[in-house]
Amino acid sequence: FEGMTVVELAKRTGESIATLQDILVNVGEKAGSEFDPLSIDVAELVGMEVGIKVRRQHFNGGAEILPRPPVVTVMGHVDHGKTSLLDALRQTSVAAKEAGGITQHLGAFVVGMPSGSSITFLDTPGHAAFSAMRARGAAVTDIVVLVVAADDGVMPQTLEAMSHAKAANVPVIVAINKCDKPAANPERVKIQLASEGLQLEEMGGDVQVVEVSAVKKTGLDDLEETLLLQAEIMDLKARVDRPAQAYVVEARLDKGHGPLATAIVNTGTLVCGQYVVAGSEWGRIRAIRDMVGKLADRAKPAMPVEIEGLKGLPMAGDDVVVVESEERARMLSAGRRKGNLRKIDLCR
Ligand code: GTP
Ligand code: MG
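Numbering (UniProt numbering), first residue to last: 162 to 509.
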């Protein structure tokens with residue numbers, strides 16, 4: 162596609178030449194003739210802004226496509242034990258430290274498995290107020306773990322999580338938690354789920370159900386195994402040898418370091434020193450840290466990292482794109498701020 166013109170791009174995207182020229186100006190290109198050839202970088206950036214992929218052709222050896230870890234989002238009704246379950250998997254204790262025992266943000270963790278493989282987990286809040294966060298969580302993930310408390314059964318946010326997963330076309334694995342409780346009734350939960358249309362495996366469908374207790378740490382091996390099996394079936398791979406596309410999981414302002422964004426790379430590799438645009442914010446990546454705070458010089462697909470160097474706070478769910486210069490970063494961010502550019506569809 163080297164040398165594609167605005168006219169050709171218009172044909173491929175179905176956008177008008179005028180719209181594409183507006184976008185070109187917004188990403189920092191001069192408004193030349195619609196017959197001037199564009200560089201592949203510019204064509205790709207414009208393609209992204211209108212929500213299509215401009216594919217690069219590789220003539221020398223092909224792309225480096227490697228297996229990547231699964232991204233798993235844990236969802237379910239408030240207090241059903243999502244954070245506790247993740248704590249049990251990571252052998253930490255986040256749930257106990259949360260204000261009021263309620264999760265109010267998305268958290269990202271990498272859990273190493275005994276086999277040497279790893280899983281990237283996203284924790285989501287179960288409180289009714291955080292529906293948008295759950296929708297984003299479902300949209301960026303490979304697999305949803307639906308946590309249902311065995312004593313409480315299917316509740317409103319259980320159903321909401323199911324519909325997010327369905328909308329995002331993401332496979333669900335059910336973890337029936339709190340099986341240690343005297344009032345636990347996993348069979349009742351299964352019947353409830355089935356009557357809500359979930360096709361459980363033991364009833365002839367393909368949705369796996371695992372019975373666990375985050376407190377007694379039972380069923381965890383079973384859950385990990387089920388997740389890795391599902392991931393294997395999905396054969397998850399990503400390009401690594403190209404500029405990264407990532408998405409923001411959460412962002413916060415740090416007194417010393419300024420805006421910090423937790424991001425997960427979809428494809429490509431994010432490298433320290435690159436100019437990026439995250440939603441309508443831009444910056445140059447000053448530091449990349451992994452989820453235990455260790456400095457890294459790059460981030461690969463499915464790896465959650467904290468990036469430092471943005472000028473402002475992006476929003477959870479915002480996409481992150483790499484651009485070639487500060488000028489282009491400023492222009493793209495300004496263009497997006499004007500609101501005349503469409504967002505990239507984040508769904509994989
Ligand atoms: P939100 O993030 O606010 O939606 O809650 P959550 O789903 O993350 O629940 P959390 O892990 O904070 O646990 C809620 C309560 O249930 C805590 O008091 C936990 O100790 C308790 N709990 C979690 N898992 C289990 C379990 O397996 N057994 C028992 N008995 N209690 C559990
Ligand atoms: Mg929680």
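Note that the Cβ used here is the ideal one computed from N, Cα and C, for glycine as well.
Since we're looking at a predicted model, the values are computed, not measured.
- prompt: Which residues in the same chain as residue 220 place their Cβ atom closer than 8 Å to its Cβ, once the five residues preceding and following it in sequence are excluded?
  reply: Residue placement at residue 220 cannot be trusted, given a pLDDT of 45 that sits under 50; what the coordinates show is reported in the next sentence. Here the set comprises nothing.
- prompt: Is the beta carbon of residue 387 within less than 7 Å of some heavy atom of the ligand MG?
  reply: no
Residue 248 (DSSP reduced to helix, strand or coil): helix
query: Quick one: is residue 330 buried, meaning 16 or more other Cβ sit within 10 Å of its Cβ, or exposed?
result: exposed
- prompt: Counting Cβ pairs closer than 8 Å, one from the region 165 to 175 and one from the region 195 to 203, do we hit at least three?
  reply: yes
task: Work out the CA separation of residue 429 and residue 462 for me, nearest whole Å.
output: 6 Å
query: Just reading off the alpha helix (DSSP H) that residue 356 is part of, what are its end residues?
result: 347 to 356
message: With a threshold of 7 Å on Cβ separation, who are the neighbours of residue 492 within its own chain once the five nearest residues in sequence on each side are excluded?
response: 187, 188 and 189
task: Please determine, among 361, 344 and 345, the residue with the shortest C-alpha to C-alpha distance to residue 352.
output: 361
task: Find the nearest neighbour of residue 445 within the set 210, 292, 277 and 481, judged by alpha-carbon distance.
output: 481
field: Close beta carbons around residue 504, own chain, < 6 Å, minus the five adjacent residues each side
entry: Because residue 504 carries a pLDDT of 44, less than 50, the predicted location of this residue cannot be relied on, and the following value inherits that uncertainty. No residues qualify anywhere along the chain.
message: Closest to residue 451 by C-alpha separation, out of 293, 464, 282 and 401, would be which residue?
response: 464
field: First and last residue of the uninterrupted alpha helix (DSSP H) at residue 327
entry: 317 to 328
- prompt: In chain order, which continuous runs of the alpha helix (DSSP H) of length 4 or greater are located wholly inside the region 378 to 441?
  reply: 381 to 395
- prompt: Between the C-alpha atoms of residue 233 and residue 385, what's the straight-line distance to the nearest angstrom?
  reply: 11 Å
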